[in-house]
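**Student:**
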Amino acid sequence: MRLKSLKLAGFKSFANPTTFTFRHGITAIVGPNGCGKSNVIDAIRWVLGETSAKQLRGGAMSDVIFAGTQDKTAKSVASVELTFEHTQDEQTGIRHEFNLYQELSVRRQVNKDGRSDYFINGTRCRRRDVVDVFLGTGLGARSYAVIEQGMIGRIVESSPVQLREFIEEAAG
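This note's numbering numbers the first residue of the sequence shown as 625 and each following residue consecutively.
1) Kindly list the residues whose CB is nearer than 6 Å to the CB of K696, restricted to its own chain and excluding five residues on each side of it in sequence; keep chain order.
2) My assumption, with CB atoms under 8 Å, is that S740 sits in contact with R732. Please give the rounded CB distance.
3) Given a threshold of 16 other Cβ atoms within 10 Å of its Cβ, counted over all protein chains shown, does V780 qualify as buried or as exposed?
4) If you draw a straight line from the C-alpha of K678 to the C-alpha of F690, how long is it?
5) If I measure Cβ to Cβ from L680 and keep anything under 8 Å in the same chain, skipping five residues before and after, which residues do I get?
6) Relative to the C-alpha of S676, which candidate in S729, R750, L787, G738 has its C-alpha closest?
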């Protein structure tokens, strides 16, 4: 299983619909300060079920909705969609009937009153369903499949005991 694309609309600094397409292999998100790299990581964690606004560098969940600028009006909804692809014979760890699909899409949207809706392959579902689909895959809101800014530095500078704790946590 691999991440094929990420679509954002009205999420944090991404006022306009934006699509990132990921090629095979290792992907790094690079760019100058303030261009939205951390918001891309926040978007991935958010759509995978993150419930803590603090983990997303905000005060409330509605803070993920684009607040507006002098040039652009505020949005009333934020939406993020991840699309994964896999093959029938691949051992993905994906559970349930989604093994039958070449692609799996997961979408989350939130409106100004803070209500979140989740969708799997276009069908409304619960947060728990999204979390369950990715059990055993190493993906989740707080997994080490996505490494945030500063994490590599903390690992490199950690003591042997801290390093062991990182490895044990990542291994599950």
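All C-beta atoms in this analysis are idealised placements derived from N, C-alpha and C, irrespective of residue type, glycine included.
**Tutor:** According to the data block:
1) A639
2) 6 Å
3) exposed
4) 17 Å
5) D666, R669, W670, E674, D687, V688
6) G738
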